[in-house]
Amino acid sequence: MNKLPDLTIDLPSDQEITLTRTFDAPRELVYAAHTQAEHLRQWWGRGNPLDVEIDFRVGGGYRFVEHATDGNDYAFRGEYREIVVPERLVQTFEFEGMPGHVAVETVLFTEEEGRTTITSTTRFDTTAERDGMVDSGMTQGAAESYAALDRHLATLR
Numbered sequence: 169m170n171k172l173p174d175l176t177i178d179l180p181s182d183q184e185i186t187l188t189r190t191f192d193a194p195r196e197l198v199y200a201a202h203t204q205a206e207h208l209r210q211w212w213g214r215g216n217p218l219d220v221e222i223d224f225r226v227g228g229g230y231r232f233v234e235h236a237t238d239g240n241d242y243a244f245r246g247e248y249r250e251i252v253v254p255e256r257l258v259q260t261f262e263f264e265g266m267p268g269h270v271a272v273e274t275v276l277f278t279e280e281e282g283r284t285t286i287t288s289t290t291r292f293d294t295t296a297e298r299d300g301m302v303d304s305g306m307t308q309g310a311a312e313s314y315a316a317l318d319r320h321l322a323t324l325r
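With the first letter of the sequence shown counted as 1, position 110 gets the number 278 in the working numbering; the numbers rise by one all the way through.
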């Protein structure tokens, strides 16, 4: 297990990464921040400008384009496989810069005393794909995105 500020990273199997982070906000609000375009634009992609297309329903999809400070655009897409409001999301995730490498993310939202913990487990087809994602800086990017989410949630309380 590894820990970045406020983010715990675990490799529970040869094909999975689990990220865990707690926010000082109720579950319904944290869930909405993950499922509504007006919120996603504020924090996903490390808080950089973000184009968001979302069809939030089972079988629907999403596409996010991050306009990064390095001058590049990074696009991601996926499909919603399971939606249990406000407890659970299961979706695919694909970085368009590496087409064909589709992971499955399961995101759990649990609340205790007004604080919400997100546990996100991403399953890859192979260990090499998982390791490639870890080596890509994904965990640092997730930590930066979750810090941006924390800032966004603070404006909504």
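Glycine included, C-beta positions come from ideal geometry on N, C-alpha and C.
Unbroken alpha helix (DSSP H) run spanning residue i, endpoints
{"i": "residue 297", "result": "295 to 303"}
{"i": "residue 130", "result": "The requested residue 130 does not occur in the structure, where the chain is confined to residues 169 to 325."}
{"i": "residue 319", "result": "306 to 324"}
Delimiting residues of the beta strand (DSSP E) encompassing residue i
{"i": "residue 219", "result": "218 to 222"}
{"i": "residue 257", "result": "256 to 263"}
{"i": "residue 250", "result": "241 to 252"}
{"i": "residue 179", "result": "Neither: residue 179 is in no beta strand (DSSP E) and is coded neither H nor E."}
{"i": "residue 231", "result": "229 to 235"}
Beta-ladder partner(s) of residue i, from DSSP
{"i": "residue 288", "result": "187, 275"}
{"i": "residue 270", "result": "262"}
{"i": "residue 329", "result": "It is not possible to answer for residue 329, since the shown part of the chain is limited to 169 through 325."}
{"i": "residue 280", "result": "283"}
Residue j beta carbon less than 8 angstroms from that of residue i
{"i": "residue 241", "j": "residue 234", "result": "yes"}
{"i": "residue 271", "j": "residue 289", "result": "no"}
{"i": "residue 175", "j": "residue 310", "result": "yes"}
{"i": "residue 158", "j": "residue 285", "result": "Nothing in the structure corresponds to residue 158, since the chain is present only between 169 and 325."}
{"i": "residue 325", "j": "residue 184", "result": "no"}
{"i": "residue 220", "j": "residue 205", "result": "yes"}
{"i": "residue 292", "j": "residue 306", "result": "no"}
{"i": "residue 295", "j": "residue 182", "result": "yes"}
{"i": "residue 243", "j": "residue 231", "result": "yes"}
Does the pairing of the region 190 to 201 with the region 235 to 250 give three or more beta-carbon distances under 8 angstroms?
-> These segments do not touch.
Contact between the region 267 to 280 and the region 195 to 206 (3+ Cβ pairs under 8 angstroms)
The region 267 to 280 makes contact with the region 195 to 206; the number of CB pairs closer than 8 angstroms reaches 3 or more.
Does the region 215 to 222 come close enough to the region 308 to 320 to have 3 or more Cβ pairs within less than 8 angstroms?
They touch, by the three-pair rule.
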